[in-house]
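> Numbers in my numbering are just positions in the sequence shown, counted from 1, shifted up by 278. Submitted below is the structure of interest, expressed as structure tokens.
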Amino acid sequence: MKLLITFVIVLTFSSLIIYGNVIPNDYNIITNASNICANKTLILRFSSLTTIDKYFIASPTVTCIDIKGIVTIKEGTFDNVPNLKYLDLRENNIYPADFFSFGNLSNLEILRFGYQKGTSNWIENRKIVIRNVYPELRYLDLEYANISALYSEVYNPFPKLTHLYISGNMIQSTSLNNILPDTLTYLNLSNNRISEFLFEGLNNLLSLILDNNKISRMGSDITLYGLNALQNLSLANNQISVFNNNTFQCVPNLRYLNLRNTSSTFNFNILKPLKFLETLILDNNLLENIPISIPLNITTLSLNCNKLRNLTYDTFINVPNLRKLHISRNMISNINVDTFETQKLLEELYLDDNYLSFLPRNWCEFMKKLRYLNLSGNKFTSLEMVIYSSTLPIEQLYLERNPIQSINMSSILQIIPKNMTIYLKIDSETNRSSCMPSIPTETTNLPLTSTFTEENYPTSTKYSTPLWQSRFFSVTKDTKLH
Numbered sequence: 279m280k281l282l283i284t285f286v287i288v289l290t291f292s293s294l295i296i297y298g299n300v301i302p303n304d305y306n307i308i309t310n311a312s313n314i315c316a317n318k319t320l321i322l323r324f325s326s327l328t329t330i331d332k333y334f335i336a337s338p339t340v341t342c343i344d345i346k347g348i349v350t351i352k353e354g355t356f357d358n359v360p361n362l363k364y365l366d367l368r369e370n371n372i373y374p375a376d377f378f379s380f381g382n383l384s385n386l387e388i389l390r391f392g393y394q395k396g397t398s399n400w401i402e403n404r405k406i407v408i409r410n411v412y413p414e415l416r417y418l419d420l421e422y423a424n425i426s427a428l429y430s431e432v433y434n435p436f437p438k439l440t441h442l443y444i445s446g447n448m449i450q451s452t453s454l455n456n457i458l459p460d461t462l463t464y465l466n467l468s469n470n471r472i473s474e475f476l477f478e479g480l481n482n483l484l485s486l487i488l489d490n491n492k493i494s495r496m497g498s499d500i501t502l503y504g505l506n507a508l509q510n511l512s513l514a515n516n517q518i519s520v521f522n523n524n525t526f527q528c529v530p531n532l533r534y535l536n537l538r539n540t541s542s543t544f545n546f547n548i549l550k551p552l553k554f555l556e557t558l559i560l561d562n563n564l565l566e567n568i569p570i571s572i573p574l575n576i577t578t579l580s581l582n583c584n585k586l587r588n589l590t591y592d593t594f595i596n597v598p599n600l601r602k603l604h605i606s607r608n609m610i611s612n613i614n615v616d617t618f619e620t621q622k623l624l625e626e627l628y629l630d631d632n633y634l635s636f637l638p639r640n641w642c643e644f645m646k647k648l649r650y651l652n653l654s655g656n657k658f659t660s661l662e663m664v665i666y667s668s669t670l671p672i673e674q675l676y677l678e679r680n681p682i683q684s685i686n687m688s689s690i691l692q693i694i695p696k697n698m699t700i701y702l703k704i705d706s707e708t709n710r711s712s713c714m715p716s717i718p719t720e721t722t723n724l725p726l727t728s729t730f731t732e733e734n735y736p737t738s739t740k741y742s743t744p745l746w747q748s749r750f751f752s753v754t755k756d757t758k759l760h
């Protein structure tokens, strides 16, 4: 058995990626692990699968251990590491039945079992049974670890747990109810087989992710009762046929709601209790219109990949506080001149991959704060069909993948606003971006901020500043012709 031992901090993390949204995560594991480990981590790499025996490691000073290449950990393995606070056992071949076989670790704060390589057809190997209390554990990673169920033989095994990641497993029902403590603030149950769940006693929960499950009825099979503190909720990629009228009455503090690819019919009245809602994602729901019949205070609305065809004054009249509006990859061919009359605060508008061939004159008259406009992948044949005045507030205009064959530079430069930059690619392809449902991305949900930054908003086509390449132009007011 070959063993490589090093003493160095090795922390490799990736951001949580969910197509359409990113749920903020206030647990910065890089900072916390660095503080705990103080730049000293015992890293063990075995060249062949190994069983770690009792008392294999003995040190009163080691606080962080990272082991790869093991298949079994026996009880008592870490008994002689009394100050162990960070244990990383990801990407091994450990069965769930053996996850907590090492016994009690009274000072452990971060425990990571994600992405186990070993699989078993025996159902007992896929069950976790917890037999000890872990009094200081704050962060538990059980992602993509072939788990079918979790049980505990002790009451409240994780009395201080705040973050639980259990996505990408085979959890079906409420087997977690005696596991989840009331200290939990972040719970990721995405990519499981959950159809029913009762979230009792989680009165401190701030973020809940239930993407890619088997949820069909909200308010009955899945109840949010008791989640008064909840701020972030994602239900993406569940075929929900029923939203009870009281679905969101128990979560009045909700700020972020992702309903991407959940229902082809949607009653906006169920959102009435959500007075603090800021971000609403309704991508991929086959919506043909937007009957927002009640006032909403949201600042970000995403309607990508629906079947919208016409936008009128009534479309957005009840959402006057929008700063970002995503309507990409629809079937929009007509925008009325007064469509955005109520959008006086709008800063970013995404209309890429639609069927627009012109915008009516003065369509932007009331949007004095609009700085970003994406019209890529439409049917515009000239810049004059978009730009009608040198007073437009837009600073970045994207017109890639439109059938623009030529530009009359002498005339267009006379009406381009002083601070506007136009991005286009002459004679480019007009292939539309895909609206296929997302494939779950197996990434570890590590540190994200608790505030809503640009990265926290729905995914949209992003472009870097263009270089002067063949037939690829960035046009500004100061462009010089040669």
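Just so you know, even glycine gets a beta-carbon here, dropped at the ideal spot from N, CA and C. From a predicted model like this one, the values you see are computed outputs, not experimental measurements.
Taking DSSP as the reference, what is the three-state secondary structure of residue 609?
On the sequence shown, position 331 is the one that residue 609 refers to. Looking at residue 609 - three-state DSSP - the assignment turns out to be coil, as it is neither helix nor strand.
> Per DSSP, which residues does residue 427 bridge with? Please list them.
Taking the sequence shown and counting its residues from 1, one reaches residue 427 at position 149. Answer by DSSP bridge pairing, in chain order: 405.
> Candidates 474, 489, 482 and 405: which alpha carbon is nearest residue 496's?
Within the sequence shown, numbered from 1, the residue matching residue 496 stands at position 218. Answer by Cα proximity: 474.
> At the level of alpha carbons, what is the spacing between residue 443 and residue 385?
Position 165 of the sequence shown holds residue 443. Position 107 of the sequence shown holds residue 385. For residue 443 and residue 385, the distance between alpha carbons rounds to 20 Å.
> Taking the alpha-carbon positions, what's the residue 527 to residue 553 distance?
Taking the sequence shown and counting its residues from 1, the one referred to as residue 527 is at position 249. Taking the sequence shown and counting its residues from 1, the one referred to as residue 553 is at position 275. When rounded, the distance between both Cα atoms is 11 Å.
> Rounded to whole angstroms, what is the Cα-Cα separation between residue 663 and residue 608?
Numbered from its first residue, the sequence shown carries residue 663 at position 385. Numbered from its first residue, the sequence shown carries residue 608 at position 330. Each residue's alpha carbon lies about 20 Å from the other.
> CB-CB under 7 Å to residue 648, same chain, minus the five flanking residues each way: which ones, in chain order?
For the purposes of this step, residue 648 is taken as residue 370 along the sequence shown, with counting starting at 1. Here the set comprises 624, 625, 627, 642, 671 and 672.
> Pick helix, strand or coil for residue 376, following the three-state DSSP scheme.
Numbered from its first residue, the sequence shown carries residue 376 at position 98. Three-state DSSP puts residue 376 in a helix.
> Measure from the alpha carbon of residue 561 to the alpha carbon of each residue in 578, 378, 423 and 467, then state which is nearest.
The residue labelled residue 561 in the question sits at position 283 within the sequence shown. Checking every option, the nearest Cα to that of residue 561 belongs to 578.
> Starting from the Cα of residue 790, find the closest Cα among 651, 308, 618 and 656 and give me that residue.
What the structure shows of the chain is the stretch from 279 to 760, and residue 790 is not part of that stretch, so it cannot be assessed.
> How big is the Cα-Cα spacing for residue 668 and residue 651?
If you number the sequence shown from 1, residue 668 lands on position 390. If you number the sequence shown from 1, residue 651 lands on position 373. Rounded to whole angstroms, residue 668 to residue 651 spans 15 Å at the Cα level.
> Alpha carbons only, please: which of 503, 507 and 470 is nearest the one belonging to residue 525?
As a first step, residue 525 must be located in the sequence shown, where it is residue number 247. Minimum Cα distance to residue 525 is reached at 503.
> Which residues in the same chain have their Cβ closer than 6 Å to the Cβ of residue 409, if we skip the five residues on either side of it in sequence?
By 1-based counting over the sequence shown, the position of residue 409 is 131. The answer, listed in chain order, is 431.
> Determine the direct distance from the alpha carbon of residue 362 to that of residue 403, and round the result to whole angstroms.
Taking the sequence shown and counting its residues from 1, one reaches residue 403 at position 125. Taking the sequence shown and counting its residues from 1, one reaches residue 362 at position 84. Answer to the nearest angstrom: the Cα atoms are 27 Å apart.
> Does the separation of the CB atoms of residue 633 and residue 605 fall below 9 Å?
By one-based count along the sequence shown, residue 633 stands at place 355. By one-based count along the sequence shown, residue 605 stands at place 327. No, the pair does not count as a contact, with Cβ atoms beyond the cut-off.
> On the premise that residue 576 lies in contact with residue 599, defined as a C-beta separation below 8 Å, what is that separation, rounded to the nearest angstrom?
The residue you call residue 599 lines up with position 321 of the sequence shown. The residue you call residue 576 lines up with position 298 of the sequence shown. Residue 599 to residue 576, Cβ: 7 Å. Contact.
> Using the rule of at least 16 other Cβ atoms within 10 Å of the residue's Cβ for burial, across every protein chain shown, is residue 316 buried or exposed?
As a working mapping, residue 316 is identified with position 38 in the sequence shown. Exposed, since its Cβ has fewer than 16 Cβ neighbours within 10 Å.
> Name the residue from 492, 522, 534 and 505 whose alpha carbon lies nearest to the alpha carbon of residue 512.
Numbered from 1 along the sequence shown, position 234 holds the residue referred to as residue 512. It is 534.
> Beta carbon of residue 401, beta carbon of residue 364: below 9 Å?
On the sequence shown, position 123 is the one that residue 401 refers to. On the sequence shown, position 86 is the one that residue 364 refers to. No, they are not a contact pair.
> Going by DSSP, what residues sit across from residue 309 in a beta bridge?
If you number the sequence shown from 1, residue 309 lands on position 31. Partner(s): none; residue 309 has no beta bridge.
> Whole angstroms is fine: what's the gap from residue 422's alpha carbon to residue 348's?
Position 144 of the sequence shown, counted from the start, is the residue given in the question as residue 422. Position 70 of the sequence shown, counted from the start, is the residue given in the question as residue 348. Whole-angstrom Cα-Cα distance: 17 Å.
> What residues in its chain sit with their C-beta under 8 Å from that of residue 617, if we drop five residues either side in the sequence?
Locating residue 617 in the sequence shown gives position 339, counting from the first residue. Excluding sequence neighbours, residue 617 sits near 589, 590, 591, 593, 594 and 641.
> Which stretch, first to last residue, makes up the beta strand (DSSP E) that contains residue 691?
Mapped onto the sequence shown, residue 691 falls at position 413. Where residue 691 is concerned, there is no enclosing beta strand (DSSP E), although the alpha helix (DSSP H) it sits in stretches over 687 to 693.
> Enumerate in chain order the residues of its own chain whose CB-to-CB distance from residue 735 is below 7 Å, with the five nearest sequence positions on each side excluded.
The residue labelled residue 735 in the question sits at position 457 within the sequence shown. Note that residue 735 scores a pLDDT of 32, beneath 50, so its modelled location is shaky; the value from the coordinates is reported in the next line. Only 557, 578 and 602 meet the Cβ criterion.
> Excluding five sequence neighbours on each side, which residues of the same chain lie with their C-beta closer than 7 Å to the C-beta of residue 551?
Position 273 of the sequence shown, counting from 1, holds the residue named residue 551. 526, 527 and 530.
> For residue 665, which residues in the same chain have their Cβ closer than 6 Å to its Cβ, ignoring the five residues on either side in sequence?
On the sequence shown, residue 665 is found 387 positions in, with the first residue counted as 1. Same-chain partners within the cutoff: 693.
> What is the DSSP secondary structure of residue 496, counted as helix, strand or coil?
As a first step, residue 496 is located in the sequence shown; it is residue number 218 there, counting from the start. Residue 496 falls in the strand class under three-state DSSP.
> Under a three-way DSSP split, which group does residue 475 fall into?
The sequence position of residue 475 within the sequence shown is 197, counting from 1. DSSP places residue 475 in strand when its eight states are reduced to three.
> Here's the rule: buried if 16 or more other CB atoms are within 10 angstroms of the residue's CB, otherwise exposed. What is residue 311?
Position 33 of the sequence shown, counting from 1, holds the residue named residue 311. Buried, because 16 or more other Cβ atoms sit within 10 Å of the Cβ of residue 311.
> For the beta strand (DSSP E) that residue 433 lies in, which residues bound it at each end?
As a working note, residue 433 is residue 155 in the sequence shown. Neither: residue 433 is in no beta strand (DSSP E) and is coded neither H nor E.
> If you check the beta carbons only, do residue 372 and residue 355 fall under 9 Å apart?
As a first step, residue 372 is located in the sequence shown; it is residue number 94 there, counting from the start. As a first step, residue 355 is located in the sequence shown; it is residue number 77 there, counting from the start. For residue 372 and residue 355, no; Cβs fall outside 9 Å.
> Give me the Cβ distance between residue 571 and residue 544, rounded to the nearest whole Å; I'm assuming they're in contact under 8 Å.
Counted from its first residue, the sequence shown places residue 571 at position 293. Counted from its first residue, the sequence shown places residue 544 at position 266. So it is not a contact: roughly 11 Å between Cβ atoms.
> Counting C-beta neighbours from all protein chains within 10 Å, is the total for residue 538 16 or more, i.e. buried, or is it exposed?
Here residue 538 refers to the residue found at position 260 when the sequence shown is read from its first residue. Buried, by the Cβ-count rule.
> Can you give me the C-alpha to C-alpha distance between residue 327 and residue 381, rounded to a whole angstrom?
Locating residue 327 in the sequence shown gives position 49, where the first residue counts as 1. Locating residue 381 in the sequence shown gives position 103, where the first residue counts as 1. Rounded to whole angstroms, residue 327 to residue 381 spans 21 Å at the Cα level.
> With 16 other CB atoms within 10 Å as the buried threshold, where does residue 520 fall?
If you number the sequence shown from 1, residue 520 lands on position 242. With fewer than 16 other Cβ atoms within 10 Å, it is exposed.
> What runs of the alpha helix (DSSP H), each 4 residues or longer, lie entirely inside the segment 548 to 630?
Runs of the alpha helix (DSSP H) inside the segment 548 to 630: none found.
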